[in-house]
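Novice: The following block contains the structure, expressed as structure tokens.
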Amino acid sequence: MQIHIDTARLSRLRAFAAPTRCPHCGDPMLAPFMSEFVEGGEIRHHWECDACGEPSSTSIPLTTH
């Protein structure tokens, strides 16, 4: 039996499931205070770290399959 692993798909799944960490202090952030859909296929999450109070943003490009 041969096991087939789609490493690109596994990497995306891990990135999706991993907690977002503050880029300033490294503390895990649980939920964005705001999310928005950007026309053209992108979701942006806006965060504020509970530990250091610094704002940050992440974006997720939406691709068609």
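The numbering of the sequence shown is numbering that gives the first Met the number 0, which starts it at 0 and goes up by one. Ideal Cβ placement from N, Cα and C applies to all residues, glycine included.
Looking at methionine 28 and threonine 19, is the spacing between their C-beta atoms short of 8 angstroms?
Specialist: If you number the sequence shown from 1, residue 19 lands on position 20. If you number the sequence shown from 1, residue 28 lands on position 29. The answer is yes: Cβ separation under 8 angstroms.
Novice: Taking Cβ positions, are glycine 55 and cysteine 21 nearer each other than 8 angstroms?
Specialist: Within the sequence shown, the letter at position 56 stands for residue 55. Within the sequence shown, the letter at position 22 stands for residue 21. Before going on, a small fix: residue 55 reads as serine here, not glycine. Yes, Cβ-Cβ distance for serine 55 and cysteine 21 is below 8 angstroms.
Novice: Please say whether arginine 43 and glutamate 53 have beta carbons closer to each other than 8 angstroms?
Specialist: Indexing the sequence shown from 1 puts residue 53 at position 54. Indexing the sequence shown from 1 puts residue 43 at position 44. For glutamate 53 and arginine 43, no; Cβs fall outside 8 angstroms.
Novice: For isoleucine 59, I'd like the list of residues in its chain whose CB is within less than 6 angstroms of its CB, leaving aside the five on either flank, ordered along the chain.
Specialist: Taking the first residue of the sequence shown as position 1, residue 59 is located at position 60. Cβ within range, chain order: Ile42.
Novice: State the DSSP-derived secondary structure class of threonine 57, mapped to helix, strand or coil.
Specialist: One-based indexing of the sequence shown puts residue 57 at position 58. In this structure, threonine 57 counts as strand in the three-state DSSP scheme.
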